[in-house]
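Asker: Adding 1 to a residue's 1-based position in the sequence shown gives its number in the numbering used here.
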Amino acid sequence: MSKLKIAIQKSGRLSDDSIKLFKECGIKFEVGKSKLKSTSRNFPADFLFLRDDDIPGYVEDGVADVGIVGENVLVEYGKDVDNVKALGFSKCRLSLAVPREVDYPGVQYFEGKSIATSYPNLLQKYLDENGVKAHIHVISGSVEIAPGIGLAEGVCDIVSTGGTLLSNGLKEVETIFRSEALMVANKSLSAEKKALLDRILFRIDAVQKAQN
Ligand code: PRT
Ligand code: ZN
Numbered sequence: 002m003s004k005l006k007i008a009i010q011k012s013g014r015l016s017d018d019s020i021k022l023f024k025e026c027g028i029k030f031e032v033g034k035s036k037l038k039s040t041s042r043n044f045p046a047d048f049l050f051l052r053d054d055d056i057p058g059y060v061e062d063g064v065a066d067v068g069i070v071g072e073n074v075l076v077e078y079g080k081d082v083d084n085v086k087a088l089g090f091s092k093c094r095l096s097l098a099v100p101r102e103v104d105y106p107g108v109q110y111f112e113g114k115s116i117a118t119s120y121p122n123l124l125q126k127y128l129d130e131n132g133v134k135a136h137i138h139v140i141s142g143s144v145e146i147a148p149g150i151g152l153a154e155g156v157c158d159i160v161s162t163g164g165t166l167l168s169n170g171l172k173e174v175e176t177i178f179r180s181e182a183l184m185v186a187n188k189s190l191s192a193e194k195k196a197l198l199d200r201i202l203f204r205i206d207a208v209q210k211a212q213n
């Protein structure tokens, strides 16, 4: 009998709610600090604990059958997977921000300027749609310090409460994308794996109905 390989984030802002989702569905598995894989005791599934950035690619390639990932990461990486269900947690937005003291005139402010981000594709699309030509400076983390150290005139980063922007002397000026956690699946799952996924989706719906 085949097992469903489910990829979830090992540690970060998606992990706890991803684990909780499956537990609430009655699917039992162990989670340990150094564990990279865990087999469920009561459902034909193996859980793989990965970096969120790797999940869309693994699901596209079939290394995992199903995964949970932020919409921001999924769209940025442009992987070809089925978007099965929006899960309603890890909500955030991708926004443009500038130093607090800037008298912001609108998106044309960014014309000819330099913007630091970890999301070059989403940002480029937004700039193109708005007819703005700017230089995108790709950095992998701590994007918010870029203006303070003279690396860029603005940033495009994930915002949730806004506290990080505030404490780095920045203000949010445009929201370019809204995101939440999504369940995604490989596009060519076998009938047997599809049936397993359907069982999980059925349980998720039941849990969500019970909570509302
Ligand atoms: O190690 P790994 O690569 O797996 O994790 P990661 O560090 O890349 O990702 P992680 O765990 O930070 O985020 C995983 C996903 O959670 C993201 O892709 C988003 O879909 C979602 N999410 C929700 C967030 C936030 N909220 C969030 N606040 N991702 C990042 N942040 C960061 C943001 O980058 C900024 O540094 O939090 C800071 C801003 O938060 P506020 O509350 O100060 O505005
Ligand atoms: Zn990541």
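By construction, the Cβ of each residue, glycine as well, lies at the ideal position given by its N, Cα and C atoms.
In whole angstroms, what separates the C-alpha of Ile150 from that of Ser115?
Answerer: Cα to Cα, the separation comes out at about 13 Å.
Asker: Opposite Ala135 in the DSSP bridges: which residues?
Answerer: The partner list for Ala135 (beta bridge, DSSP) is empty, contrary to what the question assumes.
Asker: Tell me, to the nearest whole angstrom, how far the beta carbon of Gly79 is from that of Asn122; I am working on the premise that it is less than 8 Å.
Answerer: Right, the Cβ-Cβ distance comes to about 7 Å (below 8 Å), so this counts as a contact.
Asker: Counting Cβ pairs closer than 8 Å, one from the region 25 to 36 and one from the region 70 to 87, do we hit at least three?
Answerer: The region 25 to 36 vs the region 70 to 87: no contact.
Asker: Kindly give me the distance between the Cβ atoms of Gly63 and Ser91, rounded to whole angstroms, as I take these residues to be in contact under 8 Å.
Answerer: 24 Å between Cβ atoms; not a contact.
Asker: For the ligand ZN, any of its heavy atoms closer than 6 Å to the Cβ of Arg52?
Answerer: The answer is yes for Arg52.
Asker: Which stretch, first to last residue, makes up the alpha helix (DSSP H) that contains Thr162?
Answerer: Per DSSP, Thr162 belongs to no alpha helix (DSSP H) and is neither H nor E.
Asker: Identify whether Gly170 lies in helix, strand or coil by the three-state DSSP scheme.
Answerer: Note: Gly170 maps to coil in three-state DSSP.
Asker: On the premise that Leu124 lies in contact with Ile137, defined as a C-beta separation below 8 Å, what is that separation, rounded to the nearest angstrom?
Answerer: Their Cβ separation, rounded to whole angstroms, is 6 Å, which keeps Ile137 and Leu124 in contact under 8 Å.
Asker: Taking the runs of the beta strand (DSSP E) that are 3 residues or longer, which of them lie wholly in the region 36 to 94?
Answerer: Qualifying beta strand (DSSP E) stretches, in chain order: 38 to 40, 46 to 51, 67 to 71, 83 to 87.
Asker: What is the DSSP secondary structure of Lys6, counted as helix, strand or coil?
Answerer: Note: Lys6 maps to strand in three-state DSSP.
Asker: With DSSP run on the structure shown, which of helix, strand or coil describes Phe30?
Answerer: Coil, per DSSP.
Asker: Spatial neighbours of Asn131 within its chain, please: CB distance less than 7 Å, with the 5 preceding and 5 following residues excluded, ordered by chain position.
Answerer: So the qualifying residues of the chain are Val108.
Asker: Looking at the structure shown, is Leu97 part of a helix, part of a strand, or coil, going by DSSP?
Answerer: It is a strand residue.
Asker: Between the C-alpha atoms of Lys134 and Ile201, what's the straight-line distance to the nearest angstrom?
Answerer: The alpha-carbon atoms of Lys134 and Ile201 are separated by roughly 45 Å.
Asker: Taking the beta strand (DSSP E) that Ile146 falls in, what are its first and last residues?
Answerer: Unbroken run through Ile146: none, as it is neither H nor E.
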